[in-house]
Amino acid sequence: MDKILEAIKFFSNVKVCVNEVSTEKDKANHQKVVVAKYKYEGKEFLTKNLYYKNISYLNNVRGREKESAEQYFEQPVYWLDIGIHKWPKGGGENDLNTLVVQDMYDGENDEFKSFLLKLANNDNTGYIQTITKEGKSPQYGRYLENNNHWHDIVLLIKAFINSEGEDIDKKYFSSLVFMWHKGKRISLSKAYGSRGFIDELQKNIKLAFKELNKMENRVLQLLQSNKNLILTGAPGTGKTYLAKEIAKQMIGVKTDKELADSGQFAFVQFHPSYDYTDFVEGLRPTQPDENGNIGFELKDGVFKEFCKKALEGRIDNFENSWNNLLNLVRDNLAKKQLTKIGSWEYSLSTKDSLKYSSIDTPSGYTFTITKQNVYNAYQDKKARPSGAFQKEMEEVVKFMKKNCGLKNYQQVKASQNKNYIFVIDEINRGEISKIFGELFFSIDPGYRGEKGRVQTQYANLIDKEDAFKDGFYVPENVHIIGTMNDIDRSVESFDFAMRRRFTWEEITSEESAKNMNLPEEIKVKMRSLNKKISSIEGLNSSYHIGGAYFLDSEGNAISEDKMDDVWKLRLRPLLKEYLRGMPDSENLLNDLKGVYGVKENDKTTSKSGEQNDNDNDETEQ
């Protein structure tokens with residue numbers, strides 16, 4: 051399973067694009083000519099021209115004599131033109147280098163050759179063979195579909211990975227995964243006939259993802275059943291990454307961008323200065339008006355604003371667009387200009403609301419438009435209870451759509467049960483009781499919804515049109531995930547009232563290594579190092595090294611030749627902090643270095659003759 055997980059990681063990071071370069075002559079000969087470009091680990095490789103022959107006209111396709119391949123796939127079907135490429139025709143010995151590799155590149159790029167061999171299915175060294183559990187002999191035609199180039203197989207595998215093993219439409223197979231049958235070009239075998247290869251591939255990928263996501267599934271179930279979850283663990287165990295992955299699953303998106311744009315996700319990081327006004331609500335100074343006057347207004351904190359979104363069931367970017375509008379008006383005011391919207395010219399009130407007057411009337415004839423007024427109009431509701439000045443509010447909405455990036459309003463039906471995920475990173479670094487205030491009661495899973503309604507500290511200042519005018523509560527579709535490193539601050543510093551309202555889940559270093567799909571050689575180093583850490587008096591599993599320390603900036607496992615750098619730049623400074631103030635800390639650090647297995651020779655030695663870990667101190671200061 052580890053090999054399949056490694057193969058999935060490999061294919062996830064391979065990018066391949068195929069460009070058609072067919073001439074009119076090629077098309078007249080029923081040929082399609084393509085060039086494939088591979089991108090991997092910052093390198094680009096370009097293949098030779100690859101020739102395919104249109105076989106869509108064939109009618110004698112394995113039990114479907116009366117139905118052509120094109121009819122079945124509803125588009126033309128191409129096979130590799132064996133007459134040009136001289137690939138094997140079904141069985142027998144195959145020389146990988148001469149019949150395949152040399153066919154795809156100019157023979158001078160050793161890096162490309164190594165990449166192709168890594169990709170291939172030769173003697174269990176290639177990832178295609180690994181992920182399909184096929185091709186156990188060099189006889190290509192017997193175990194692995196072979197009459198298309200590897201980029202086709204890569205595209206198919208990536209399609210399965212991206213869909214996490216879900217069925218792929220048959221049209222997707224039309225230019226992929228075919229093979230010769232008894233030396234004849236008549237069988238679309240697995241795609242058109244038995245589909246054994248496709249089924250095996252799909253099964254293996256599903257199995258791999260099941261293993262890969264075992265921890266994710268456990269954590270997901272805990273969050274769904276308890277609504278509040280705290281992920282704990284040693285540094286580098288991927289707690290924040292896991293929280294975001296869980297959020298993606300709960301919301302139903304796949305990428306970080308989709309998560310950020312969903313409107314159903316929020317992320318904050320606690321710190322010692324974070325307080326109630328940031329999180330729930332508080333008085334904030336307004337921007338000076340044209341006369342330089344500064345006032346104060348009640349502002350929702352990030353969590354209360356998020357709960358309003360969940361309560362109203364909206365997916366929109368109104369908040370950001372409103373801020374864009376205010377900034378636009380401020381910029382114009384700085385230029386001593388008003389902002390024309392419809393028939394009115396706008397400035398700002400002391401409460402960060404819009405103030406307007408008619409162009410045709412004296413400037414003293416003014417009215418104020420609040421954010422809530424405009425938001426009501428945005429939802430096609432009465433802007434004010436009386437409906438007065440509805441046209442003006444709607445003009446502001448139109449202006450925001452045109453100039454401030456406002457998206458069309460999308461009302462979510464309650465039956466859709468949209469999940470909203472609020473992630474608090476480093477939750478134990480803030481003063482919890484100060485930040486949450488009276489919300490200790492409201493976030494309790496047993497008191498979600500209106501039965502958990504509480505009066506906040508500034509309840510007397512809340513606008514009558516506010517969704518929480520009768521008291522604040524946490525909607526049932528809001529889920530909270532907190533993350534914390536056990537060693538940043540003692541778990542015991544967490545208020546007991548808060549502790550019992552969360553479910554706690556520890557992410558171990560071993561689980562992090564599996565979840566991040568680290569190769570076995572790195573796992574061995576981690577286990578040895580963490581075992582040694584646990585043996586040091588005063589340290590325990592909370593001080594273990596997580597898998598994230600062995601990933602590069604793109605989330606890939608560090609290569610073997612960079613392992614010494616991982617020690618010098620990441621592990622050594624951390625471990626020095628762990629050991630600070632301990633007797634014999636220098637020798638302990640050298641012991642850890644020995645267990646880790648740094649390869650290069652040290653520049654200095656201790657009096658005892660053992661290696662001393664003082665190298666490169668100058669670079670770290």
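Numbering (my numbering), first residue to last: 51 to 671. From the three backbone atoms N, C-alpha and C, an ideal C-beta is built for every residue, glycine too.
{"Asked": "Check whether the segment 474–482 touches the segment 527–539, taking contact to mean three or more Cβ pairs, one atom from each stretch, closer than 8 Å.", "Found": "yes"}
{"Asked": "Evaluate contact between the segment 548–563 and the segment 500–508, counting only Cβ atoms and requiring at least three cross-stretch pairs below 8 Å.", "Found": "no"}
{"Asked": "Does the beta carbon of M632 sit closer than 9 Å to a beta carbon anywhere in chain D?", "Found": "In the structure shown, chain D cannot be found, because there is only a single protein chain."}
{"Asked": "Alpha carbon to alpha carbon, how far is T327 from F346?", "Found": "13 Å"}
{"Asked": "Decide if G455 is buried, meaning its Cβ has at least 16 other Cβ atoms within 10 Å, or exposed.", "Found": "exposed"}
{"Asked": "Kindly list the residues whose CB is nearer than 7 Å to the CB of S483, restricted to its own chain and excluding five residues on each side of it in sequence; keep chain order.", "Found": "D545"}
{"Asked": "On the DSSP bridge list, what partners appear for P335?", "Found": "F346"}
{"Asked": "Taking K93 as the reference, which of V64, K298 and S323 has the closest Cα?", "Found": "V64"}
{"Asked": "Taking the runs of the alpha helix (DSSP H) that are 4 residues or longer, which of them lie wholly in the segment 290–329?", "Found": "306–311 and 326–329"}
{"Asked": "For the alpha helix (DSSP H) that contains M566, what are its first and last residues?", "Found": "It is not in any alpha helix (DSSP H) - M566 carries neither H nor E in the DSSP assignment."}
{"Asked": "State yes or no: is the C-beta of F61 within less than 9 Å of the C-beta of V204?", "Found": "yes"}
{"Asked": "If I'm right that F600 touches M548 with Cβ under 8 Å, what's the distance once you round it to whole angstroms?", "Found": "Contact flag wrong, Cβ pair sits at about 33 Å."}
{"Asked": "Taking the C-alpha atoms as reference points, what is the distance between K234 and P126?", "Found": "Only weak support is given to the placement of K234: the predicted model assigns it a pLDDT of 40, under 50, and the question is left unresolved by the model."}
{"Asked": "Does DSSP put H529 in a helix, a strand or coil?", "Found": "strand"}
{"Asked": "Residue ranges of each alpha helix (DSSP H) run of no fewer than 4 residues wholly in the segment 76–104, ordered along the chain?", "Found": "none"}
{"Asked": "Do you know whose CA, among D615, S603, L206 and Y406, lies nearest L251's CA?", "Found": "L206"}
{"Asked": "Roughly how many whole angstroms lie between the Cα atoms of W372 and K421?", "Found": "7 Å"}
{"Asked": "What does DSSP give as the partner residue(s) for A607 in the beta ladder?", "Found": "L601"}
{"Asked": "Is it buried or exposed, V71, if we count other Cβ atoms within 10 angstroms and call 16 or more buried?", "Found": "exposed"}
{"Asked": "Please return the same chain residues whose Cβ sits closer than 7 Å to the Cβ of H201, not counting the five positions on each side in sequence.", "Found": "V66, V68 and A86"}
{"Asked": "Run through DSSP, which three-state label would D402 get?", "Found": "coil"}
{"Asked": "Which first and last residues belong to the alpha helix (DSSP H) in which W200 is found?", "Found": "W200 to N212"}
{"Asked": "Please classify E670 as buried or exposed, where buried requires at least 16 neighbouring CB atoms within 10 angstroms.", "Found": "The predicted model places E670 with a pLDDT of 35, which falls under 50 and marks its position as unreliable; any figure quoted below should be read in that light. Label assigned to E670: exposed."}
{"Asked": "Which residues share a DSSP beta bridge with G283?", "Found": "N535 and I557"}
{"Asked": "Just list the residues that DSSP pairs L130 with in beta bridges.", "Found": "Y102"}
{"Asked": "Do K168 and Y177 come within 9 Å of each other at the CB atom, strictly closer than that value?", "Found": "yes"}
{"Asked": "Could you pull out every residue in the same chain whose Cβ sits closer than 8 Å to the Cβ of G351, ignoring the five residues on either side in sequence?", "Found": "Y326, T327, D328, F329, V330, E331 and G332"}
{"Asked": "Can you give me the Cβ contacts of V616 inside the same chain, cut-off strictly under 7 Å, excluding the 5 residues immediately before and after it?", "Found": "Y599, F600 and I608"}
{"Asked": "For N278, does the count of other Cβ atoms within 10 angstroms reach 16, so buried, or fall short, so exposed?", "Found": "buried"}
{"Asked": "Is it true that the CB of I583 sits closer than 9 Å to the CB of I595?", "Found": "yes"}
{"Asked": "Under a Cβ-count criterion, where at least 16 other Cβ atoms within 10 Å of its own Cβ denotes burial, should H321 be classed as buried or exposed?", "Found": "exposed"}
{"Asked": "What three-state label does DSSP hand K65 in the structure shown?", "Found": "strand"}
{"Asked": "Does the distance from the CB of F315 to the CB of I485 come in under 9 Å?", "Found": "no"}
{"Asked": "I need the boundaries of the alpha helix (DSSP H) containing Y428, first residue and last residue.", "Found": "K421 to Y428"}
{"Asked": "How is F393 classed by DSSP in three states: helix, strand or coil?", "Found": "As written in the sequence, residue 393 is Ser, which differs from the Phe given in the question. The answer is coil: DSSP assigns S393 none of H, G, I, E or B."}
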